[in-house]
Amino acid sequence: MKGAVNGVWVAAAVALVVGACALGGCEPRITAGFSSRLYSANAPPIERLLIVPDMKSQAFGDSMYHGFETGLIKRLSLCGVQPRILVLDALELEPEQRFAQVANEFHATAAMFINPLGGKLHSVNGNLTSAELVFELKLFHVESKQLVWLARSIAKLYVGPTDAVEWNTGAEFATQIISRLRDDGVLSRCPTGNPSWPALDFCGGDREREIEEIKRIRDDHERRWRLELLPVCTLPL
């Protein structure tokens, strides 16, 4: 009986959040500017991209980061690119060796590092409300180690008020990064037009279908980290 009651409560909670999202309550709250340069227009087409993000911070929390990773995976898949995300632990003794191992196992065509360059945090009454974060994005061809694309992004984002909003904010930042790669000619098979991308809304989306898709993945490691990308929607404040 307890499980049934909990199930009803969760269903009601999700329904409330979906309703709020339908009314615009889950819109991403971010604007990102980019300055970028294409160094190698003749680089081989990117088929498998290994992404090494160093994103998490007080402002870029778990829900935002989960949305960011999922956004990267979804958008790159639409560009005909198979993505893999590698998070290097700060305590990793030999990060270069770990990267080389994963790149080799994944047969990565290219790799993209996303690193923080600082920023500003804004608080009201001691509570973090918004931030301006600066990131460097560097993409290179793995085999030749040739730099393909270099960019700097200033992301102005708002924190909260719900996990759903932060998830969508992270997904939107990922979308803007992939759009920039497309517009700069790095990715040639991405969708174009207006809108060029289908909506990515976690709380208003197909969570169960996403879970079923993940269950079909044979690789235990990939299946595990894909499941970890699914945050739990919370009631809007």
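So that you can map any letter, position 212 of the sequence shown is 223 in our numbering, and since no number is skipped, the others follow by simple counting.
All residues carry an ideal CB built from backbone N, CA and C; glycine is no exception.
### Query
Hey, out of Phe117, Thr186 and Ile228, whose CA is closest to Cys90's CA?
Distance check between Cys90 and each of Phe117, Thr186 and Ile228 places Thr186 closest, using alpha-carbon atoms only.
### Query
So which of Leu211, Arg163, Val159 and Ala162 has the shortest CA-CA distance to Ala182?
Leu211
### Message
Going by C-alpha to C-alpha distance, which of Asp195, Gln157 and Tyr169 sits closest to Glu132?
### Response
Residue identity check: residue 132 is Leu in the sequence provided, not Glu. Leu132 has its Cα closest to that of Tyr169, out of Asp195, Gln157 and Tyr169.
### Task
Taking only the alpha-carbon atoms, compute the straight-line gap between Glu233 and Pro56 and give it to the nearest angstrom.
24 Å
### Message
For Tyr76, list the residues DSSP reports as bridge partners.
### Response
Paired residues: none, contrary to the question.
### Task
Can you tell me which of the three DSSP states Leu168 falls into?
strand
### Task
Evaluate Gly82 with the Cβ neighbour count: other Cβ atoms within 10 Å of its Cβ, from every protein chain shown; 16 or more gives buried, anything less gives exposed.
buried
### Query
DSSP on Pro64, reduced to helix/strand/coil?
strand
### Message
Less than 7 Å between the C-beta atoms of Ala54 and His152, yes or no?
### Response
yes
### Assigned exposure category for Ser207 - 16 Cβ within 10 Å defines buried
exposed
### Task
Assign Trp208 to one of three DSSP states: helix, strand, or coil.
coil
### Task
State the start and end residues of the unbroken alpha helix (DSSP H) segment that holds Asn179.
Asp174 to Asp194
### Query
Which ranges does the beta strand (DSSP E) cover as unbroken runs of at least 3 residues, wholly within the stretch 69-116, from first to last along the chain?
93-96
### Task
Less than 8 Å between the CB atoms is what I'm expecting for Thr180 and Met75, so what's the real figure, rounded?
6 Å
### Task
Within its chain, find whatever has a CB closer than 6 Å to the CB of Asn126; leave out the 5 residues flanking it on each side and keep chain order.
Result list for Asn126: Asp65 and Glu147, in chain order.
### Message
Please state the DSSP three-state secondary structure of His118.
### Response
coil
### Where Ile41 sits in the DSSP three-state scheme
Secondary structure of Ile41 (DSSP, three-state): strand.
### Enclosing beta strand (DSSP E) for Leu198 [first to last residue]
No beta strand (DSSP E) contains Leu198, which DSSP labels as neither H nor E.
### Query
What distance in whole Å lies between the Cβ atoms of Arg59 and Ile119, which are believed to be in contact at a cut-off of 8 Å?
One detail in the question is off: residue 119 reads as Ala in this sequence, not Ile. Indeed they touch by this definition, with Cβ atoms about 5 Å apart.
#### Entry: Continuous alpha helix (DSSP H) stretch holding Glu239: start and end
Asp231 to Glu239
### Task
Whole angstroms is fine: what's the gap from Gly196's alpha carbon to Glu154's?
20 Å
### Task
Ignore the nearest five residues each way along the sequence and tell me which others in Asp230's own chain have a CB closer than 6 Å to its CB.
none
### Query
Got a sec, what are the start and stop residues for the beta strand (DSSP E) Ala142 sits in?
Residue range Asn138 to His152 is occupied by the beta strand (DSSP E) that includes Ala142.
### Query
Roughly how many whole angstroms lie between the Cα atoms of Phe117 and Arg227?
19 Å
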